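Below is one structure; the comments refer to it alone.
Residue numbers (the working numbering), protein chains in the order written: chain A, 23 to 435; chain B, 51 to 365; chain C, 24 to 287.
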């Protein structure tokens, strides 16, 4: 532009200002990229861990266990049981029978026992995906040199059977079914506790509560509870559900005690603990959904002489339901991913039986991940990576459902 | 209807309508149920305070435990009766500090970018990414810290400088976890600044940077402060990342590359093992839990008070 | 501090065949308008016909909102301010603005002015600059003892004068005023109008107002804006003349209807 007539005191600094503007804009943009990079690194890291070469050596060659020409993988449950009995000590056999009678075990479970106790594969090497892809030849050479008897396979630790198999201590045959079922059972009780009370509290606060001291305290309290670290809920659950309410949560009261548990560290305790944890979340989300219902709808209902509850039940709730459901799904997502409170409440470390009642011992998917991650051996890290993928898929589908719900219903209005 | 019949039917209706207030039992029952639901959360808080307080009191009453000693010594070894709280405390503070070193500058930068620079397309792309980051379970972050961050730190700074379990890895990953929280609260604060203020600044010939940093951010300062306080509270209470990656034993050190157990990590480790009720370990859990609860509660309440006061300024 | 340079154009601001778009919606159409130096030019017309939009085009404020664009030219001292090499920041440095609702920064009275000067590289005596600006805005006597107090602690009328002081502290050549008194009481309004008469000695003023009496009292030239087309809702300047003529002897019947109150 044509130069402005010089005004006393002002210097020409437009160029410098614009330069700084560009520099800082780049810095701000770069920060967002850091977030994106972190997410990408996270995903790649997990994928890297869940696939790759495994070198393992069986202490007993499975081929030698063929009976009458029938290979091990095709033998029936009875043949496998006979094999098992002959190969392990009688003491060990009876212990296994006591833990869960062989009559109750499926063929799959017996096969796993054979693999665990008879074949006993030792893992001699685990490689992640990236080295497996880029250094395949070196790996092959190393294995051939140091472990000539070992098998080298490229595996995906995440397979369909991984999801379907129960937990075992043998990394090659371990699965997350126990953990997934544990998570589902736990969430069931979480919802049973938190949903009715949460929605009820939200309705109370939004529709019935007068603006007095008590109700303000209740609201502040809920907001505070939402910010309490999850581990505190774990400690609370330990003290109340596991210890104080042991007769209730262990099933003693109902005469349904699980013989292997015999204390309060059950699915029920876990579910109730998480229920307390997500309760504030459900309340706050439901409150928002109810608040979003237009005043005119309530007025119309009152105008024709409906009672408050009739208005809430027939008009406000149906209108607020999508928002409430979305909030509930978010709460479930949160609960499914929680680890610390359940460790404190007493998740089991060595459990391979699916939970079958509220009074069973429990483990959940995140706890399984924690336990495997904490083990020093590489193969357990790979199992952890595979389980993380299962967990993330589970959460992704949940959240996608929530988003779909939100979109579908918001379009209607 | 004929005129007379109509009159008669209206008369009948008038006498049938009883305008006195009806007792609706159903409504009363439902209202009580709803009130109970509302009040339930109070029970939770009372339970937390009672249980934590009760067992913590038992802990402090135990002969081996001396509050003064707790606050002044630097060794936490329950078996030998040493309950100096500082190793756990410094570890918590250090991991929190490292996390905030990442989360505050980056979180604010992203928020400023989203609020003052980004167009709708970029926003619709970035915000879901932030939501995803915020929704990833913390155990997954813990795995990430152990299997990615630690090896990278060891590769860059040397295997003898950085131990396998160290506070730095955990702190850095915690920073990534908390970043979306700081960003979203800061962005809310920035959006609350009225448009007229930005127009005034632009109208005076200010550049975008000057408007964002010298006008909008100072105007949103209390909201930003609240965001930072909430972030700190979150970091203090975070468990799984530090349990997996920061170290499995109390260690009083200021070296971030050493392993040291935090308060939360300690609670998880102790309760994961064999725990008998009324043992000193069991009671110490509650004392630590009480401390954690009080600290995070105080921080959260301060943050809420700041936000409330800030909102008043603009209304 | 007037720029009495023989090379200056007579018209410091000029709109040439100006169209203003919000996305695909044409808000303002075919405006041709010349603003004379050191005069007060008023833009009047019924609400919704694009007066503010037109005013904000003169200092490229419309650009702050996505999707706005123009066709045609706006010449500032003979140069098109929408040319690609022109920096809008520079444009706003030289064409200042006062807004409808007073918007002082949440800083002290002193800082409101000081910050504005500082970002433009002012290195001289700041106290002097602040005092001069407040004097010119007829605010100095009222605030000289409380310069450190927040700008928001002033009354509406004082806040607006603070905004004027802030705008003139960087010595723009033109001051755009978007209904500066509409949020103020009649006494404050009068003060602003008096101020404008003083300011025009050193600055050129373009003011949008929906207050016809104000335009008639205070301005030298008036542009009458109206919707060109009731269907397309696009505004245009239907008449532009010396204020005297617009109000006593308008050429366009629509102008006459408006200023005599028969419509609008």
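Don't be surprised by glycine CBs; every beta carbon is placed ideally from N, CA and C. Because the structure is a prediction, the values reported are computed rather than measured.
Write down the C-beta distance between residue i and residue j rounded to the nearest angstrom, noting that I regard them as a contact closer than 8 Å.
i	j	result
residue 141 of chain B	residue 310 of chain B	4 Å
residue 164 of chain B	residue 230 of chain B	11 Å between Cβ atoms; not a contact.
residue 356 of chain A	residue 300 of chain A	6 Å
residue 253 of chain A	residue 366 of chain A	6 Å
residue 284 of chain B	residue 228 of chain B	6 Å
residue 106 of chain B	residue 336 of chain B	5 Å
residue 185 of chain B	residue 238 of chain B	With a Cβ gap of about 18 Å, residue 185 of chain B and residue 238 of chain B do not count as contacting.
residue 96 of chain B	residue 240 of chain A	12 Å between Cβ atoms; not a contact.
Report all residues from its chain with a CB closer than 6 Å to the CB of residue i; omit the five preceding and five following residues, and keep chain order.
i	result
residue 288 of chain B	224
residue 89 of chain B	none
residue 269 of chain A	275
residue 125 of chain B	132, 134
residue 348 of chain A	424, 427, 428
residue 84 of chain A	94, 141
residue 196 of chain B	294, 295
For residue i, which of the options has the nearest alpha-carbon?
i	options	result
residue 147 of chain A	A:194, A:51, A:246, A:252	A:194
residue 179 of chain C	C:217, C:135, C:126	C:126
residue 376 of chain A	A:232, A:358, A:197	A:197
residue 143 of chain C	B:108, B:252, B:238, B:349	B:252
residue 131 of chain A	A:98, A:217, A:259, A:60	A:98
residue 220 of chain C	C:240, C:231, C:205, C:204	C:240
residue 1 of chain A	A:39, A:350, A:71	No statement about residue 1 of chain A is possible, as the shown extent of chain A runs from 23 to 435 and does not include it.
residue 330 of chain B	B:110, B:357, B:93, B:96	B:110
residue 50 of chain C	C:275, C:82, C:254	C:254
residue 226 of chain B	B:239, B:191, B:272, B:118	B:191
residue 80 of chain B	A:140, A:207, A:124, A:223	A:223
residue 303 of chain A	A:285, A:346, A:319	A:346
residue 208 of chain A	A:109, A:69, A:383	A:383
residue 271 of chain C	C:238, C:251, C:256, C:250	C:238
residue 139 of chain C	C:191, C:114, C:242	C:191
residue 242 of chain B	B:161, B:201, B:147	B:161
residue 178 of chain B	A:392, A:422, A:431	A:422
Output needed for residue i: all residues of its chain with C-beta closer than 8 Å, excluding positions within five of it in sequence on either side, in chain order.
i	result
residue 86 of chain C	111
residue 154 of chain A	73, 74, 75, 161, 176
residue 27 of chain C	For residue 27 of chain C, the pLDDT reaches just 47, beneath the cut-off of 50, and the residue's location in the model is therefore unreliable, although a value from the coordinates is still provided. Nothing listed; no residue qualifies.
residue 116 of chain C	143, 193, 195
residue 158 of chain A	75
residue 354 of chain B	276
Distance cutoff 8 Å, beta carbons only. Does residue i sit that close to anything in chain A?
i	result
residue 97 of chain B	yes
residue 143 of chain C	yes
residue 147 of chain C	yes
residue 36 of chain C	no
Taking only beta-carbon positions, decide if residue i is within less than 8 Å of chain B.
i	result
residue 163 of chain C	no
residue 259 of chain C	no
residue 26 of chain C	With a pLDDT of 46 at residue 26 of chain C, under the threshold of 50, the modelled position of that residue is not reliable, and the figure given next carries that caveat. No, no contact with chain B.
residue 265 of chain A	yes
residue 139 of chain C	yes
Is there a Cβ of chain C sitting closer than 8 Å to that of residue i, yes or no?
i	result
residue 176 of chain B	no
residue 265 of chain B	yes
residue 215 of chain B	no
residue 224 of chain B	no
residue 246 of chain B	yes
Once the 5 residues before and after residue i are set aside, which same chain residues still bring their CB inside 7 Å of it?
i	result
residue 213 of chain B	307, 308, 309
residue 94 of chain C	42
Q. Name the residues in the region 168 to 195 of chain C whose C-beta lies less than 8 Å from a C-beta of chain B; which are they?
A. 186, 189, 190, 193
(Q) If the cut-off is 7 Å on Cβ atoms, which residues from the region 109 to 133 of chain C count as contacting chain A, listed in chain order? (A) 109, 110, 112, 113, 117
Q | Near-chain B residues of the region 328 to 350 of chain A - C-beta to any C-beta below 8 Å | A | 329, 330, 331
Q) In the region 275 to 290 of chain B, which residues sit with their C-beta less than 8 Å from some C-beta in chain C, listed in chain order? A) none
Q. Quick one, which residues of the region 78 to 98 of chain C are near chain B if we go by CB-CB under 8 Å, in chain order?
A. 82, 84, 87, 89
(Q) Give me the subset of the region 37 to 53 of chain A whose CB atoms are less than 9 Å from a CB atom of chain B, sorted by chain position. (A) 39, 40, 42, 43, 44, 45, 46, 47, 49, 50, 51, 52, 53
**Q.** Against chain A: residues of the region 158 to 170 of chain B by CB proximity under 9 Å
**A.** 158, 159, 160, 162, 163, 164, 166, 167, 168
Q. For the region 360 to 379 of chain A, which residues have a beta carbon sitting closer than 7 Å to at least one beta carbon of chain B?
A. 361, 362, 365, 366
Q. Which residues, in order along the region 71 to 91 of chain B, keep a beta-carbon less than 9 Å from a beta-carbon of chain A?
A. 74, 76, 77, 80, 81, 83, 84, 85, 86, 87, 88, 89, 90, 91
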